[in-house]
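First the structure, in the form of structure tokens, and then the observations on it.
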Amino acid sequence: MSALQYVHDQLTGKKDFPEFKPGDNITVNYKIIEGNKERIQSFKGDVIKRQGTGATATFTVRKISDGVGVERLFPFFSPNIESIVLNKTGRIRRSKLYYQRKRSGKSARIKEKRLIVEGVVTSG
Amino acid sequence: MKGIIGKKIGMTSIFDPTGRQTACTIIEAGPCVVTQVRTKDSDGYDALQLAFGDKNEKHSKKSETNHFAKASTSPKKFVKEFRDFSIEKNIGEAVTVDIFAEGESVDVIGTTKGKGFQGVIKRHGFHGVGGQSHGQHDRSRAPGSIGNSSDASRVMKGVRMAGRLGNDRVKLKNLTVVKIFPDKNYILISGSVPGHNGSIVLIQK
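Laid out in structure tokens, this is it:
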């Protein structure tokens, strides 16, 4: 095992988040410390970027808040991320969705990837 | 003083419980073997000679092999003296990362990455020619004037010019030891240390 991996495993360990990719819609539940109080804030949006490997990996979530685009970058192994919920998987063609920054309204939507599940028969 | 020889492994970052991310360098330090003890009586100064990194016996000279045999150890690649070592050690004994504690501030010595022949902007932090007008279309990274005119008729000594950059021995002072893994001989030091991955660094206090 490489030294980097060993140190990372010893200090941070694994995170049991659902697997998510750019284009997916996720909710990040993030711990916020105000004075000595702690509360959870959720940030829901599309993942437009996943970057880095190992302990330094980060991901960027973009959402439209009151008509203004807001992007937030989270370190993947931050102890302040309480949980991540995967809402939708997106159908996209590139790994960095920077083109979303120029778009608004209808064109900024990401198509949902629908998976064919064997054994499920839809009527019609 | 106390010190150890190590190998730079690479950089990573760790989180503290509040979520603050700190960049740090992993160094594989030691175990070093004490190969000679210099004393004031015999050598005029007190020092410990430490050796680190195994070397193929085929590639070591007989004088080297015998020198290391005195400390009953195999030939080593790197040998370094540390003056006035604060911990009492005898010949043949090992020096490990245990000599440092977490939270301690240490100095790290290494050789910076060689950058080759570089211009004055990279080498000395000159600002270059600002604009592209006044006939400056191809001189934006030039040094400009290097001195006076006829009243000197020469360039003063020490004028900063382009040249070789990097590959220098550098000591960084007061870096914090973030974490120690004694069973793997790893030591994590906050921030960056000189040199490329795999280069030899000295950690001392």
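Taken in order, these protein sequences are the chains called A and B. Just add 37 to the spot in the first sequence (first one is 1) and you have the working numbering. Just add 300 to the spot in the second sequence (first one is 1) and you have the working numbering. Don't be surprised by glycine CBs; every beta carbon is placed ideally from N, CA and C. Since the structure is predicted, the reported quantities are computational estimates derived from the model, not experimental observations.
Interface residue (Cβ-Cβ distance to chain A less than 7 Å): B:Ser313 is classified as such. Proximity of A:Thr93 to chain B, defined by a Cβ-Cβ separation below 7 Å, is satisfied. DSSP places B:Lys471 within a strand segment (E or B) once states are collapsed to three. Against B:Tyr345, chain A offers no close residue; the least beta-carbon distance is about 36 Å (beta-carbon pairs closer than 8 Å). Residue-level contact check: B:Gly319 touches chain A, since one or more beta carbons of chain A fall below 7 Å from its beta carbon. Counting along the chain, the unbroken beta strand (DSSP E) around B:Ile409 starts and ends at 405-411.
Counting only residues of its own chain and dropping the five nearest sequence neighbours on each side, A:Gln88 has a CB closer than 8 Å to the CB of Ala94, Thr95, Phe96, Thr97. The Cβ-Cβ distance between B:Phe378 and B:Ile500 falls below 7 Å.
DSSP, reduced to helix, strand and coil, places B:Asp343 within a helical segment of the structure shown. Residue range 416-418 is occupied by the beta strand (DSSP E) that includes B:Gln418, with no alpha helix (DSSP H) assigned at that position. Exclusion of the five residues before and after B:Asp354 leaves Ser374, Pro375, Lys376, Lys377 as the residues of its chain whose Cβ lies within less than 8 Å of its Cβ. At a cut-off of 7 Å between C-beta atoms, B:Gly353 does not count as an interface residue with respect to chain A. Contact annotation: in the segment 40-53 of chain A, residues whose CB is within less than 8 Å of a CB in chain B are Ala40, Leu41, Tyr43, Val44, His45, Gln47, Leu48, Thr49.
Within the segment 38-103 of chain A, the beta strand (DSSP E) runs of at least 3 residues that lie entirely inside it are, in chain order, 62-71, 74-88, 95-102. Exposed is the label assigned to A:Gln78, since fewer than 16 other Cβ atoms lie within 10 Å of its Cβ.
Contact between the segment 413-420 of chain B and the segment 455-470 of chain B is present: three or more C-beta pairs spanning the two stretches fall below 8 Å. DSSP places B:Glu364 inside the alpha helix (DSSP H), whose first and last residues are 362-370. What A:Ser115 touches in chain B, judged by beta-carbon distance under 8 Å, is Phe315, Gly319, Gln321, going in chain order. Shown in chain order are the members of the segment 473-487 of chain B whose Cβ falls below 9 Å from a Cβ of chain A: Lys479, Phe481, Lys484, Tyr486. Look at A:Pro55: its C-beta is not under 7 Å from any C-beta on chain B.
Nearest neighbour of A:Gly91 by Cα position, chosen from A:His45, A:Val107, A:Glu75, turns out to be A:His45. At a cut-off of 7 Å between C-beta atoms, B:Ile326 counts as an interface residue with respect to chain A.
Of the candidates B:Val477, B:Gly498, B:Gly310, B:Ile314, B:Val477 places its Cα closest to the Cα of B:Asp398.
When 7 Å is used as the limit between beta carbons, B:Ile503 is near no residue of chain A, the shortest such separation being about 16 Å. At least one beta carbon of chain B lies nearer than 7 Å to the beta carbon of A:Pro112. Contact annotation: A:Phe114 and A:Thr49 have beta-carbon atoms nearer than 7 Å.
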